[in-house]
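>
2 protein chains.
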Amino acid sequence: MPTALPHKPYHHGDLRLTLIAAAEAELVEKGLEGFSLRGCAKRAGVSHAAPAHHFKDADALLSALAAEGFDRLNESMVKAMDAADGGMIEKFVASGVGYVMFACANPALFHLMFGSKRPDHESPRLSEAGGRAFAVLTGNVLAMTGRDYANDPAAGEDVIAAWAMVHGLSELLIGDKLHLPEDMPPAALETMIAAIIRRSAPKS
Amino acid sequence: MPTALPHKPYHHGDLRLTLIAAAEAELVEKGLEGFSLRGCAKRAGVSHAAPAHHFKDADALLSALAAEGFDRLNESMVKAMDAADGGMIEKFVASGVGYVMFACANPALFHLMFGSKRPDHESPRLSEAGGRAFAVLTGNVLAMTGRDYANDPAAGEDVIAAWAMVHGLSELLIGDKLHLPEDMPPAALETMIAAIIRRSAPKS
DNA sequence: CCAGATATCTTTCCATTGTCAACATTGAAA
DNA sequence: TTTCAATGTTGACAATGGAAAGATATCTGG
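Order-wise, the sequence lines are chains Y and P. So in this note's numbering, the last one in the first sequence is 204, and the numbering has no gaps at all. So in this note's numbering, the last one in the second sequence is 1204, and the numbering has no gaps at all.
1. Nearest CA to the CA of Gly-1175(P): which residue from Gly-130(Y), Pro-185(Y), Ile-197(Y), Arg-147(Y)?
2. Using a Cβ-Cβ distance cut-off of 8 Å, determine whether Leu-62(Y) contacts chain P.
3. Using a C-beta cutoff of 8 Å, does Leu-1169(P) count as contacting chain Y?
4. Nearest CA to the CA of Met-1192(P): which residue from Glu-182(Y), Ala-188(Y), Gly-156(Y), Gly-168(Y)?
5. Check for me: the alpha helix (DSSP H) holding Pro-1185(P) runs from which residue to which?
6. Taking the straight line between their C-alpha atoms, what separation do you get for Leu-172(Y) and Leu-178(Y)?
7. With a cut-off of 8 Å, does the C-beta of Ile-89(Y) fall near any C-beta of chain P?
8. Can you give me, in chain order, the residues of the stretch 98 to 132 of chain Y that have a beta carbon less than 9 Å from any beta carbon in chain P?
9. If you check the beta carbons only, do Leu-1112(P) and Leu-1062(P) fall under 8 Å apart?
10. Quick check on this structure: which residue in Ile-160(Y), Ala-150(Y), Leu-126(Y), Ala-195(Y) has the alpha carbon closest to the alpha carbon of Ala-1161(P)?
11. So, with DSSP's three-state summary, where would you put Leu-180(Y)?
12. Identify the contact partners of Glu-29(Y) in chain P, using a Cβ-Cβ distance below 9 Å as the criterion.
13. Quick check: what's the CA-CA separation for Met-144(Y) versus Lys-30(Y)?
14. I need the boundaries of the alpha helix (DSSP H) containing Ser-95(Y), first residue and last residue.
15. Ordered along the chain, which non-local residues of its own chain (more than five positions away) have a Cβ less than 8 Å from that of Lys-1079(P)?
16. Determine the extent of the alpha helix (DSSP H) in which Gly-1146(P) is found, giving its start and end residues.
17. Report yes if the C-beta distance between Arg-125(Y) and Asn-74(Y) is below 8 Å; otherwise report no.
18. Rounded to whole angstroms, what's the CA-CA distance from Gly-69(Y) to Thr-1138(P)? Just pull it up for me.
19. For Asn-144(Y), which residues in chain P fall below 8 Å Cβ to Cβ?
20. Closer than 7 Å by C-beta to Ser-123(Y): which residues in its own chain qualify, once you throw out the five before and the five after it? Chain order, please.
21. Counting only beta-carbon separations shorter than 8 Å, does Ala-58(Y) have a partner in chain P?
22. Comparing C-alpha positions only, which one of Ser-76(Y), Ser-127(Y), Ser-36(Y) sits nearest to Ala-23(Y)?
23. Report buried or exposed for Pro-2(Y), applying the criterion of at least 16 other Cβ atoms within 10 angstroms of its Cβ.
24. Indicate whether at least one CB of chain P lies closer than 8 Å to the CB of Met-77(Y).
25. Val-141(Y) and Asp-158(Y): beta carbons closer than 8 Å?
26. Assuming Leu-1015(P) and Ala-1060(P) form a contact by the criterion Cβ under 8 Å, report the distance between their Cβ atoms to the nearest whole angstrom.
27. Whole angstroms are fine: how far does the CA of Cys-1104(P) sit from the CA of Val-1046(P)?
28. Contact criterion: CB-CB distance below 8 Å. Does Met-1192(P) meet it with respect to chain Y?
29. Going straight from the alpha carbon of Thr-18(Y) to that of Arg-147(Y), what length do you get?
30. Which chain Y residues are close to Leu-1073(P), counting only those with a beta carbon under 8 Å from its beta carbon?
31. Look at the Cβ atom of Val-1100(P), then the Cβ atom of Val-1028(P), and state whether they are nearer than 8 Å.
32. Please classify His-53(Y) as buried or exposed, where buried requires at least 16 other C-beta atoms within 10 Å of its C-beta.
33. Since Pro-119(Y) and Ala-66(Y) are thought to touch, with beta carbons under 8 Å apart, how far apart are those beta carbons, to the nearest angstrom?
34. I need the DSSP call for Asp-71(Y), collapsed to helix, strand or coil.
35. So, is Pro-1006(P) buried or exposed, given that buried needs 16 or more other C-beta atoms within 10 angstroms?
36. Taking 8 Å as the CB-CB cut-off, is Ser-36(Y) touching chain P?
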């Protein structure tokens, strides 16, 4: 057994990553509206001014967290898509379900990613992560229609319709706007979500 | 006594209504994240503590503003619907376009209404105003299908799909996630929105 | 018509927050 | 070893939401 209790080191080690994790915990617990940088510092066990050495300001920390969120959204879509068996339509539907399920599992993070101006959405890290997630959906839609995104205006409409459907569904579910039966089993919910997303599939 | 309906203040004229208007101006200028109660008071020309006599706290003021927003959303949908000529499908599409256009014209307010937990969404004033707007969409969808909302599960799916589509479209447009051509004329945008909403119409 | 009573507004005060500046500690390069 | 940049800490500041208490205008009962 360690005889000497380790005196808290002056330097944390990897405060940057710890702060991002702390920020997510803070976000989940307090919501974006109650989010506090000092709260994150406290969770990480450092003084209130320590984060400044890793993030320019509170919004920069939220930017990093949002970017991680987009990575995980992307992962959720790809995993669901790969697990789906069936034709391209089913892969498309599955990726959409992955999108919605990510939102439902991470409402506060989703809100940060899509409903807040605090993260710097122009930053390369963030816009590229968002672009990758967007590309999954776009790829699936275009694979179904065989259209040319760059030249065929209808292709853009296909993509927008599909994205709007999964995104709107996510927002309404998160915001608890749909008054679904309380006793609805998760499997039934997922089936319903899939059915609705299937409606937005381009009719080739 | 000229009027008698609500309490008529005297000092300021009607600080309650003035504050709601000030809150909207503050919201539009600073966004929800930069919204400040003291800023509202300054706009209204009163001391920073005056609002407390009309609203329990800042969130209560935002609740009142959100409720007004739902009234105006409702109005936007009904007006667009009434102006549309054509069958029920066109009325449905028009009301959806009214929804999206309201969102585009009032992004900050829309964000307050749907993307914030600060307003008390359980309050009767707010939930009833939201219910009225929801009912317009529901009514149109059911009128198209002739389904029974209470008993036919597919009816609920029709409604959710339609709402998710218009709502998702609104969020994506507001959030500037769709990289639409800069030079796109508003009329073309509206046409595209209508075309996308039409996809979500139940196929009876 | 007058004297509380009441509603409205102001001033003052406090805790919390984000950010800045100044200082302390550490590990690593020179 | 010495220096120094990176990384922490403490202390200060202004802005904010909210509470408390005083000031003032309007209403209401006599």
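We treat Cβ as the ideally placed atom computed from N, Cα and C, and that holds for glycine. Note that the structure is predicted; figures quoted are calculated from it, not measured.
Here's the rundown:
1. Cα-wise, what sits closest to Gly-1175(P) is Gly-130(Y).
2. So no, Leu-62(Y) is outside the interface.
3. At a cut-off of 8 Å between C-beta atoms, Leu-1169(P) counts as an interface residue with respect to chain Y.
4. Residue Gly-156(Y) holds the alpha-carbon nearest to the alpha-carbon of Met-1192(P) among Glu-182(Y), Ala-188(Y), Gly-156(Y), Gly-168(Y).
5. Run containing Pro-1185(P): none; DSSP gives neither H nor E here.
6. Distance between the alpha carbons of Leu-172(Y) and Leu-178(Y) is about 6 Å.
7. No, Ile-89(Y) lies away from the interface with chain P (no Cβ there is under 8 Å from its Cβ).
8. Listed by position, the residues of the stretch 98 to 132 of chain Y near chain P (Cβ gap below 9 Å) are His-111, Phe-114, Gly-115, Ser-116, Lys-117, Arg-118, His-121, Gly-130.
9. Contact flag set, yes.
10. Of the listed residues, the one whose Cα sits closest to Ala-1161(P) is Ala-195(Y).
11. It is coil, neither helix nor strand.
12. Those within 9 Å of Glu-29(Y) in chain P number zero; the least Cβ separation is about 13 Å.
13. Straight-line Cα distance between these residues: approximately 41 Å.
14. Segment 88 to 105, the alpha helix (DSSP H) holding Ser-95(Y).
15. So the qualifying residues of the chain are Gly-1098.
16. For Gly-1146(P), no alpha helix (DSSP H) run applies, since DSSP gives it neither H nor E.
17. No, these two residues do not count as a Cβ contact at 8 Å.
18. Thr-1138(P) has its alpha-carbon roughly 33 Å from the corresponding atom of Gly-69(Y).
19. The sequence given here places Met at residue 144(Y); Asn does not occur at that position. Per Cβ cutoff of 8 Å: no residues; Met-144(Y) is ~14 Å from chain P at best.
20. Excluding residues within five positions, the ones whose Cβ falls inside 7 Å are Ser-63.
21. Contacts with chain P at 8 Å (Cβ-Cβ) do not include Ala-58(Y).
22. Comparing alpha carbon positions, the residue from Ser-76(Y), Ser-127(Y), Ser-36(Y) closest to Ala-23(Y) is Ser-36(Y).
23. In this prediction, Pro-2(Y) scores a pLDDT of 39, lower than 50, which makes its location untrustworthy; no coordinate-derived value is stated.
24. Met-77(Y) has a beta carbon lying at 8 Å or more from every beta carbon in chain P.
25. Cβ distance < 8 Å, so Val-141(Y) and Asp-158(Y) count as in contact.
26. Not confirmed; about 14 Å, so no contact.
27. The alpha-carbon of Val-1046(P) is positioned some 32 Å away from that of Cys-1104(P).
28. It does; some Cβ of chain Y falls within 8 Å.
29. Thr-18(Y) and Arg-147(Y): Cα-Cα distance of roughly 45 Å.
30. In chain order: nothing, as chain Y lies at least about 13 Å away.
31. In this structure, Val-1100(P) keeps its C-beta atom at 8 Å or more from the C-beta atom of Val-1028(P).
32. By the neighbour-count rule (16 or more Cβ atoms within 10 Å), His-53(Y) is not buried but exposed.
33. About 4 Å separates the Cβ atoms of Pro-119(Y) and Ala-66(Y), confirming a contact at the 8 Å cut-off.
34. In the three-state reduction of the DSSP assignment, Asp-71(Y) falls in the helix class, which pools H, G and I.
35. With a pLDDT of 42 at Pro-1006(P), under the threshold of 50, the modelled position of this residue cannot be trusted; read the value that follows with caution. Burial is judged here by how many other beta carbons sit within 10 angstroms of a residue's own beta carbon; Pro-1006(P) has fewer than 16 and is exposed.
36. Output row for Ser-36(Y): interface = no.
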